[in-house]
Every structure is written in C-alpha cells, then in structure tokens.
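Enquirer: The structure that follows is given in the form of structure tokens.
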Amino acid sequence: MFNNTQQGANMLQTILRLPAVKSESGYSRSTIYLRITQGLWPKPVSLGTRAVGWPAHEVGALNAARIAGKTDEEIRALVAKLEAARKAAI
Numbered sequence: 873m874f875n876n877t878q879q880g881a882n883m884l885q886t887i888l889r890l891p892a893v894k895s896e897s898g899y900s901r902s903t904i905y906l907r908i909t910q911g912l913w914p915k916p917v918s919l920g921t922r923a924v925g926w927p928a929h930e931v932g933a934l935n936a937a938r939i940a941g942k943t944d945e946e947i948r949a950l951v952a953k954l955e956a957a958r959k960a961a962i
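Start counting the sequence shown at 873; every next residue gets the next number (the working numbering).
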C-alpha cells in the first residue's frame with residue numbers, strides 16, 4: 873500500500889495496489905481490466921514505470937454502488953465522475 877498526503881486539504885489519500893484491489897472488490901485481475909475497458913472501473917494511477925494502483929476511496933465508492941444495486945449505466949457515470957475528480961484535484 874502506498875500513502876500520499878495531499879498538501880492543500882490535509883487529506884490522506886491511499887493508493888491500493890492490485891492485490892489489495894482484488895481483495896477489496898472480489899474481482900480477479902482479468903475482470904478488473906475487462907471492467908476498465910467497459911467503463912465500469914476507473915483506470916489505474918501510474919506509480920512508476922511498472923507500477924499502478926487505484927485510489928482507495930474510488931474502490932470504496934464502486935463497492936458501495938454495487939452493494940446499493942446501481943445499474944451499469946449508473947456505475948459508468950460514477951466512474952466518469954471519479955476520473956474527472958482526479959483531474960480537478962490538482
């Protein structure tokens with residue numbers, strides 16, 4: 873797990889690597905990448921040349937949406953919102 877502190881908001885942002893994401897979501901690696909291509913899972917954040925991860929709050933939001941019974945279209949809208957928020961956070 874990789875921790876990164878955002879300066880302005882004093883928020884702790886945790887980045888989950890693939891094994892943690894698999895554990896949290898219950899999805900396999902191939903299902904996670906399939907869902908990315910379907911727009912049902914956010915793209916990973918680059919951590920280096922050969923390392924990626926996902927913000928923990930995004931994984932939690934997607935899990936909560938699935939538990940709440942959101943449709944695939946609602947999940948796609950959530951994914952778009954989460955990815956847009958990444959760009960706005962800079």
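The C-beta atom is built at its ideal place from N, Cα and C for all residues, glycine as well.
This one's a predicted model, so the numbers in the text were calculated from it and none came from an experiment.
State buried or exposed for Asp-944, treating a residue as buried only when at least 16 other CB atoms are found within 10 Å of its CB.
Expert: exposed
Enquirer: Just to confirm my understanding: we take Pro-914, look at its own chain, exclude 5 residues before and 5 after, and list those with CB closer than 7 angstroms. What are they?
Expert: Trp-926, Glu-930, Val-951, Leu-954 and Glu-955
Enquirer: Which residues mark the beginning and the end of the beta strand (DSSP E) in which Gly-925 is found?
Expert: Boundaries of the beta strand (DSSP E) around Gly-925: 924-927.
Enquirer: Using DSSP bridges, identify the partner residues of Ser-895.
Expert: Paired residues: none, contrary to the question.
Enquirer: Taking 8 angstroms as the threshold (C-beta atoms), are Ala-928 and Leu-890 in contact?
Expert: no
Enquirer: Going along the chain, which residues of its own chain have a beta-carbon closer than 8 angstroms to the beta-carbon of Thr-921, five neighbours each way excluded?
Expert: Around Thr-921, the same chain offers no residue with a beta carbon nearer than 8 angstroms, after the five sequence neighbours per side are excluded.
Enquirer: Excluding five sequence neighbours on each side, which residues of the same chain lie with their C-beta closer than 7 angstroms to the C-beta of Gly-1036?
Expert: Given that the chain is displayed from residue 873 to residue 962, the structure contains no residue 1036 and the question cannot be resolved.
Enquirer: Are the CB atoms of Ser-897 and Asn-935 nearer to each other than 8 angstroms?
Expert: If you check the CB distance, Ser-897 and Asn-935 come in under 8 angstroms.
Enquirer: Just grab the DSSP bridge partners of Val-917 for me.
Expert: Note: Val-917 sits in a beta bridge opposite Gly-925.
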